[in-house]
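Scroll down for the structure; my scribbles are underneath it.
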Amino acid sequence: MSGQDGAQRKPIRLIAAACNNMGIGKDGRLPWSIPSEFKFFLDKITAVSKPGKKNLLVWGRYTWFSCPEGVLPLANTLHVILTKKLRSPPELADYICEDFDEAIRLASQPPLSDLIETIWVIGGTEVYREAMEHPWCDLIYLTDIMADFDCDVFFPDFDRNIYRKQSRFPGVPHEIQEENGIKFQFQVFKKMC
Ligand SMILES: NC(=O)c1ccc[n+]([C@@H]2O[C@H](COP(=O)([O-])OP(=O)(O)OC[C@H]3O[C@@H](n4cnc5c(N)ncnc54)[C@H](OP(=O)(O)O)[C@@H]3O)[C@@H](O)[C@H]2O)c1
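Just so we're aligned: 296 in the numbering used here is position 94 of the sequence shown, and the numbers increase by one with no gaps anywhere.
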């Protein structure tokens, strides 16, 4: 679908994992180590429906620099970092943008519009907050880490009447999982239009 400005609408999806107090980070890192949860995250953000397509990953600057060593580069992805401070993309990143709307324009207008399939918002807090309010945002993947962790960064509140928890969702196991003694459950919240 093209808008008046020639923008091709793209699905915007958030993906995060939050513990009992909705914490997502501590001291610039994840507060837990759950490799199978991290693999789920990587599988989702790198999945494309056709060879040659790519997803645009939108990162806050701190989240980018908190990415564990060896994770990047990732298949089928381009990376944009939101920052007002950096003047050029750091190694392994593709673009920088000064705000969220600029990143959405990057994905939805030429030259990238025919290449990009999905815009995945990787965090942190302010990036999630802006993304969930965008009209193109349709899904929030939010793993429930069923444990208490000390956190200093939190997933933003959202209206669970607007984003409704799905009891089942394609490609998402619904059973409670456990690894390293931590129980967790994948969840998907879908926007009701
Ligand atoms: N559990 C999870 O799923 C998950 C996911 C992501 C991150 N995390 C954790 O969360 C923490 C990092 O998140 P955070 O919220 O502290 O920081 P962040 O959002 O990753 O980075 C903040 C910086 O990003 C830039 N930025 C953010 N929003 C922007 C916007 N709308 N427009 C322009 N620039 C924007 C600014 O950079 P400048 O200062 O350069 O302008 C800002 O100072 C880490 O602990 C990380 O491990 C956890």
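Cβ atoms here follow ideal geometry from the backbone N, Cα and C, with glycine treated the same way. If you're wondering where the values come from, they're calculated on a predicted model, not measured in any experiment.
As assigned by DSSP and simplified to three states, the class of residue i
i, result
"residue 247", "helix"
"residue 377", "coil"
"residue 302", "helix"
"residue 294", "coil"
"residue 209", "coil"
"residue 308", "helix"
C-alpha distance - residue i paired with residue j, whole-angstrom precision
i, j, result
"residue 253", "residue 284", "27 Å"
"residue 358", "residue 348", "18 Å"
"residue 210", "residue 256", "15 Å"
"residue 376", "residue 219", "15 Å"
"residue 223", "residue 306", "30 Å"
"residue 313", "residue 281", "15 Å"
"residue 345", "residue 288", "31 Å"
"residue 391", "residue 381", "23 Å"
"residue 385", "residue 293", "35 Å"
"residue 339", "residue 228", "27 Å"
"residue 236", "residue 276", "19 Å"
"residue 333", "residue 316", "21 Å"
"residue 373", "residue 335", "25 Å"
"residue 239", "residue 389", "12 Å"
"residue 368", "residue 300", "34 Å"
Residue i beta carbon near ligand 1 (any heavy atom closer than 6 Å)
i, result
"residue 285", "yes"
"residue 264", "yes"
"residue 332", "yes"
"residue 386", "no"
"residue 301", "yes"
"residue 355", "yes"
"residue 214", "no"
"residue 306", "no"
"residue 218", "yes"
"residue 329", "yes"
Residue i versus the options, residue with shortest Cα-Cα distance
i, options, result
"residue 265", "367, 217 and 384", "217"
"residue 322", "235, 364 and 250", "250"
"residue 267", "337, 367, 343 and 326", "326"
"residue 303", "318, 274, 294 and 337", "337"
"residue 270", "232, 368, 309 and 387", "232"
Contained beta strand (DSSP E) runs [length at least 3] in the segment 336 to 371, N- to C-terminal order: If one requires a minimum length of 3 residues, the beta strand (DSSP E) runs lying completely within the segment 336 to 371 are 339 to 347 and 365 to 367, in chain order.
Sequence ranges, alpha helix (DSSP H) only - wholly within the segment 228 to 290, length at least 4: Those alpha helix (DSSP H) runs which fall completely within the segment 228 to 290 and span 4+ residues are 237 to 248 and 263 to 267.
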